[in-house]
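> Before I ask anything, here is the structure I am working with.
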Amino acid sequence: MTTDLAARLTAHLHRDDGQEDLCFVAWRPSVGATRTTAILAELILPADGERDVHGNVSFTSAYFLRAAARAAAAGCGLALIHSHPTGRGWQSLSRDDQAAEAGHAGQATAITGLPLLGLTFAGIDRAHSARFWHRVGARRHEPMWCESVREVGDRIAVTWNNSLRPAPASRSSQARTVSAWGEEKQSSLARLHVGVVGAGSVGALVAEALARVGIEYITLFDFDTVEIVNLDRLLHARLRDAQLRRAKVDVLARALRYSATARRPRIRGLDYSVTEPAGFAHALDCDVIFSCVDRPWPRAALNLAAYAHLIPVVDGGILVRASPRGLRGAEWRSHLAAPGRACLECLGQYDPGLVSLERTGMLDDATYIVGLDADHPLRRNENVFPFSAATAANEVLQLLTATIAPNGIGDLGGNLYHFATGTLDNVLDGCKPSCVYSTVLQGAGVGHGVDVTGSHPAAERARAHRRRFGQRPGVRLRRTIDDLLAALI
Ligand SMILES: [Zn+2]
Ligand SMILES: [Zn+2]
4 MTTDLAARLT AHLHRDDGQE DLCFVAWRPS VGATRTTAIL AELILPADGE
54 RDVHGNVSFT SAYFLRAAAR AAAAGCGLAL IHSHPTGRGW QSLSRDDQAA
104 EAGHAGQATA ITGLPLLGLT FAGIDRAHSA RFWHRVGARR HEPMWCESVR
154 EVGDRIAVTW NNSLRPAPAS RSSQARTVSA WGEEKQSSLA RLHVGVVGAG
204 SVGALVAEAL ARVGIEYITL FDFDTVEIVN LDRLLHARLR DAQLRRAKVD
254 VLARALRYSA TARRPRIRGL DYSVTEPAGF AHALDCDVIF SCVDRPWPRA
304 ALNLAAYAHL IPVVDGGILV RASPRGLRGA EWRSHLAAPG RACLECLGQY
354 DPGLVSLERT GMLDDATYIV GLDADHPLRR NENVFPFSAA TAANEVLQLL
404 TATIAPNGIG DLGGNLYHFA TGTLDNVLDG CKPSCVYSTV LQGAGVGHGV
454 DVTGSHPAAE RARAHRRRFG QRPGVRLRRT IDDLLAALI
């Protein structure tokens, strides 16, 4: 849910008289490769007489039917949320909760076509817990517990289901990190599934920082191969990796397994573009995504993930202004795209016109690129390692600010640093009024109707090329020997 909707829910459920309360909510599905998420879309608050607050709150069947019909008309499922005023953290179901939710699950599914979602709001720490109700037999429904409930927008706040996603044990290798922001914040931060899209200079540094901080579950996305021209900026890449034409994600994933401070790190490298159907589906399994790409199409795909699927996207970029007489200036920026904040399109991080051009494959056509103005953003490729390091650090800080929220503030806006003057601008603008991401597409989930993925010939070529190269006599053996040597060192 958005932090805005969470605040409206709290205003309704958190009663001054300390009694329980409830309401219905419409939800929309968001489906990734392995995860299904319910996006809370609209509160359907009770009208007079539709619920009875008497210590243990109850609702009338008229309220239930009105809410279910309204959800169905909007193409949504139905959720029922009630409060435990003295609860803290993830809540279990009381006998009354079980009866109320199981007793309405069949009818809610029949009316909306989607399972009933039950939620509990814990009054002490404002934590949420959730379960889907699935049919297991004639008139019998059982709860299927969710792993987490996430609130995103002016901060990222997650309630974790400790039985499905246990808190990681603290480790001596993380002592300094934990002492900075405490066990509780670390325990939540470490459980986020973080995607890093682009395993280039900035992406590799971002991923390294995440692994050191103790993030347990990191998925890397990049179809590219390590090349010699990358070696001045690509953390962990060696000349051997370029000679053996290894995938950037393989090189990075291998190194991160050594850097990770988590007890059981899950680090996956996927050699897909996030614009390919398989890549986008895996991106929708993440809790937060770092956009470390400079192309318009993947940025547009991630912008959709940030708003339609409520998966916050940290994005950044570097612009170096070089001239034949030397460096004129350089700027790097970082920002977090999420509901209530400016999206990547409104920030000018990509040109929607170029997205359609990139989808035709033109931007991978060397003759087209050479024909562009020397100053065109697509031709600019000057960059150095320290600029990437500064950008990567600022991007990770965006995640830390949103999750740790020092002094309760999780949104400081975007950052724009000017290298030539040493000045830092705060970018506080929101989306433009005409923006579709922050309006009609926000929270739309699978029903957004925007086709953002497609075939990606350059990615297919890169994978095929690596496969063919790997089949050459001797290459597989050299790769194996290199792996063994790397493991020994
Ligand atoms: Zn209850
Ligand atoms: Zn926008």
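Using the numbering used here, the first residue of the sequence shown is number 4, and each one after it goes up by one. Each residue gets a CB set at the ideal place from its N, CA and C atoms; glycine is no exception.
Which value, in whole angstroms, describes the spacing of the CA atoms of A393 and W335?
In the sequence shown, the residue the question calls residue 393 occupies position 390. In the sequence shown, the residue the question calls residue 335 occupies position 332. Roughly 8 Å separates the two Cα atoms.
> Which of the three DSSP states is assigned to T39 in this structure?
As a first step, residue 39 is located in the sequence shown; it is residue number 36 there, counting from the start. Strand, per DSSP.
> What do you reckon, is the C-beta of D24 under 6 Å from a heavy atom of ligand 1?
As a working note, residue 24 is residue 21 in the sequence shown. Checking every heavy atom of ligand 1 against the Cβ of D24, none is found closer than 6 Å.
> With distance defined between alpha-carbon atoms, name the residue in A160, G198 and S175 nearest to E187.
The residue labelled residue 187 in the question sits at position 184 within the sequence shown. Comparing Cα-Cα distances from E187 to each of A160, G198 and S175, the minimum goes to A160.
> Any heavy atom of ligand 2 closer than 6 Å to the Cβ of C349?
Residue mapping note: residue 349 aligns to position 346 of the sequence shown, counting from 1. Within the cutoff, so yes.
> Suppose only complete runs of 4+ residues qualify. What are the alpha helix (DSSP H) ranges in the segment 18-85, listed by chain order?
Counting only runs of 4 or more, we get 64-76.
> Among D354, A76, A396 and R243, which residue has its Cα nearest to the Cα of L488?
In the sequence shown, the residue the question calls residue 488 occupies position 485. The candidate whose alpha carbon is nearest that of L488 is R243.
> For A212, which option in G185, T180 and V254 has the closest C-alpha, if you only look at C-alpha atoms?
By 1-based counting over the sequence shown, the position of residue 212 is 209. Cα-wise, what sits closest to A212 is T180.
> Assuming contact is defined by CB atoms lying nearer than 7 Å, are V323 and A333 in contact in what I supplied?
Along the sequence shown, one-based indexing puts residue 323 at 320. Along the sequence shown, one-based indexing puts residue 333 at 330. Going by C-beta atoms, V323 is nearer than 7 Å to A333.
> Report the residue ranges of all alpha helix (DSSP H) runs contained in full by the segment 97-158; include only those spanning at least 4 residues, in chain order.
Complete alpha helix (DSSP H) runs here, min 4: 98-115.
> To which residues does DSSP link S164 through a beta bridge?
Along the sequence shown, read from residue 1 onward, the residue named residue 164 stands at position 161. Before going further, note that residue 164 is Asn rather than Ser in the sequence given. Answer is none; N164 lacks a bridge partner.
> Return the chain-ordered list of same chain residues with a C-beta closer than 8 Å to the C-beta of R481, the five sequence neighbours on each side being excluded.
Working through the sequence shown from its first residue, we reach residue 481 at position 478. Contacts found: L247.
> Measure from the C-beta of V453 to each C-beta in chain D and report whether the shortest distance is under 7 Å.
Of the chains in the structure shown, none is chain D; there is only one protein chain.
> Hey, out of E154, G109 and L8, whose CA is closest to V139's CA?
For the purposes of this step, residue 139 is identified with residue 136 of the sequence shown, where counting begins at 1. Comparing Cα-Cα distances from V139 to each of E154, G109 and L8, the minimum goes to G109.
> With a threshold of 6 Å on Cβ separation, who are the neighbours of Q189 within its own chain once the five nearest residues in sequence on each side are excluded?
Residue mapping note: residue 189 aligns to position 186 of the sequence shown, counting from 1. Cβ neighbours of Q189 beyond the five flanking positions: V181.
> Report the rounded CA-to-CA distance for G21 versus A256, giving the unit in angstroms.
Against the sequence shown, residue 21 aligns to sequence position 18. Against the sequence shown, residue 256 aligns to sequence position 253. Rounded to whole angstroms, G21 to A256 spans 50 Å at the Cα level.
> Any idea what DSSP makes of D368, helix, strand or coil?
Residue numbering aside, residue 368 sits at position 365 when the sequence shown is read from its first letter. Residue state, collapsed to three classes: coil.
> Considering only DSSP beta bridges, list what Y420 is partnered with.
On the sequence shown, residue 420 is found 417 positions in, with the first residue counted as 1. Note: Y420 sits in a beta bridge opposite W335 and L427.
> Assuming D253 is part of the beta strand (DSSP E), what are its boundary residues?
For the purposes of this step, residue 253 is taken as the residue at position 250 of the sequence shown. No beta strand (DSSP E) holds D253; the alpha helix (DSSP H) holding it covers K251 to S262.
> Going by the C-beta, is S294 closer than 6 Å to any heavy atom of ligand 2?
Here residue 294 is taken as the residue at index 291 of the sequence shown, counted from 1. Every heavy atom of ligand 2 is 6 Å or more from the Cβ of S294, so no.
> Nearest by alpha-carbon distance to P88: which of A113, L68, G58 and R142 is it?
For the purposes of this step, residue 88 is taken as residue 85 along the sequence shown, with counting starting at 1. Ranking the options by Cα distance to P88, first place goes to G58.
> Which two residues bound the contiguous alpha helix (DSSP H) that contains Y310?
For the purposes of this step, residue 310 is identified with residue 307 of the sequence shown, where counting begins at 1. Unbroken alpha helix (DSSP H) run through Y310: P299 to A311.
> Excluding sequence positions up to five away, which residues of its chain have a Cβ less than 6 Å from the Cβ of Q177?
Working through the sequence shown from its first residue, we reach residue 177 at position 174. Hits under 6 Å: G217 and T264.
> Would you call the segment 38-52 and the segment 63-71 in contact, with 3 or more CB pairs under 8 Å?
At 8 Å Cβ cutoff, the stretches touch.
> List the residues that DSSP assigns as beta-bridge partners of Y220.
Your numbering for residue 220 matches position 217 in the sequence shown. DSSP output for Y220 lists H196 and R269 as bridge partner(s).
> Any heavy atom of ligand 1 closer than 6 Å to the Cβ of D55?
Counted from its first residue, the sequence shown places residue 55 at position 52. Result no, Cβ not under 6 Å from ligand 1.
> State buried or exposed for P342, treating a residue as buried only when at least 16 other CB atoms are found within 10 Å of its CB.
Start at 1 with the first residue of the sequence shown, and residue 342 comes out as number 339. By the 10 Å Cβ count, P342 comes out buried.
> Nearest by alpha-carbon distance to L259: which of R271, R298 and A250 is it?
As a working note, residue 259 is residue 256 in the sequence shown. If we check each option's Cα against that of L259, R271 comes out closest.
> Could you check how far apart the C-beta atoms of G92 and T162 are, in whole angstroms? I think they sit under 8 Å.
The residue labelled residue 92 in the question sits at position 89 within the sequence shown. The residue labelled residue 162 in the question sits at position 159 within the sequence shown. Indeed, because the Cβ distance is near 7 Å, the residues count as touching under 8 Å.
> Hey, quick one: how far does the alpha helix (DSSP H) through V399 stretch, first residue to last?
Position 396 of the sequence shown holds residue 399. Element bounds for V399: F388 to I407.
> So, for S282: in the same chain, excluding its five sequence neighbours on each side, which residues have a beta-carbon less than 6 Å away from its beta-carbon?
Counted from its first residue, the sequence shown places residue 282 at position 279. The displayed chain sequence assigns Gly, not Ser, to residue 282. Closer than 6 Å at Cβ, skipping near neighbours: F224, Y275 and S276.
> Consult DSSP for R324 and reduce its assignment to one of helix, strand or coil.
Numbered from its first residue, the sequence shown carries residue 324 at position 321. Here R324 sits in strand by DSSP.
> Say the cut is 6 Å; is the CB of Y353 nearer than that to a heavy atom of ligand 2?
Residue mapping note: residue 353 aligns to position 350 of the sequence shown, counting from 1. Checking the Cβ of Y353 against ligand 2 gives no.
> Roughly how many whole angstroms lie between the Cα atoms of C529 and Q94?
The structure shown does not extend to residue 529, since the chain is modelled only from 4 through 492, so no value can be given for it.
> Given 6 Å as the limit, tell me if S441 has its C-beta closer than that to any heavy atom belonging to ligand 2.
Counted from its first residue, the sequence shown places residue 441 at position 438. It does: the Cβ of S441 is within 6 Å (strictly closer) of some heavy atom of ligand 2.
> Let me confirm a value: N386 is counted as buried when at least 16 other C-beta atoms fall within 10 Å, else exposed. Which label applies?
In the sequence shown, residue 386 corresponds to position 383, counting from 1. The residue is buried, with at least 16 neighbouring Cβ atoms inside 10 Å.
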